[in-house]
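Novice: Have a look at this one.
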Amino acid sequence: MPKEMHQKAAEHHEQAAKAHQNAATQHGSNDHVGGKQQSAQAAEKSKTAHEHSTQANNKSQQQK
Numbered sequence: 006m007p008k009e010m011h012q013k014a015a016e017h018h019e020q021a022a023k024a025h026q027n028a029a030t031q032h033g034s035n036d037h038v039g040g041k042q043q044s045a046q047a048a049e050k051s052k053t054a055h056e057h058s059t060q061a062n063n064k065s066q067q068q069k
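For this note's numbering, add 5 to where a residue sits in the sequence shown, where the first one is 1.
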């Protein structure tokens with residue numbers, strides 16, 4: 006179970022990283038409206054990734 010949880014957390018972190026890259030690209034292109042939207046999505050994906058990481062870590066700690 007923890008292995009799958011850690012894998013799911015890793016997938017969320019990858020999605021967050023891509024969203025951050027997209028936000029950076031849009032900001033770099035002076036698309037501040039699009040960049041702001043991408044930044045908000047990146048922040049939400051990062052939050053989700055953090056939650057999954059915390060859950061996976063807690064589950065791992067319980068199984069020790």
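All residues carry an ideal CB built from backbone N, CA and C; glycine is no exception.
I'd like the list of long-range same chain contacts for D14, defined as Cβ closer than 8 Å, with 5 residues on each side in sequence excluded.
Specialist: In the sequence on display, residue 14 carries Ala and not Asp. Excluding positions up to five away in sequence, the list reads A54, H57, S58, Q60 and A61.
Novice: Just reading off the alpha helix (DSSP H) that N63 is part of, what are its end residues?
Specialist: H37 to Q67 is the extent of the alpha helix (DSSP H) around N63.
Novice: By how many angstroms is the C-alpha of Q67 removed from the C-alpha of A21?
Specialist: The straight-line gap from Cα to Cα measures roughly 27 Å.
Novice: For Q46 and A24, which I take to be in contact (beta-carbon distance under 8 Å), what is that distance rounded to the nearest angstrom?
Specialist: 5 Å between Cβ atoms; contact.
Novice: Roughly how far, in whole angstroms, is the beta-carbon of G40 from the beta-carbon of Q31, given that I think they are within contact range, below 8 Å?
Specialist: Indeed, because the Cβ distance is near 4 Å, the residues count as touching under 8 Å.
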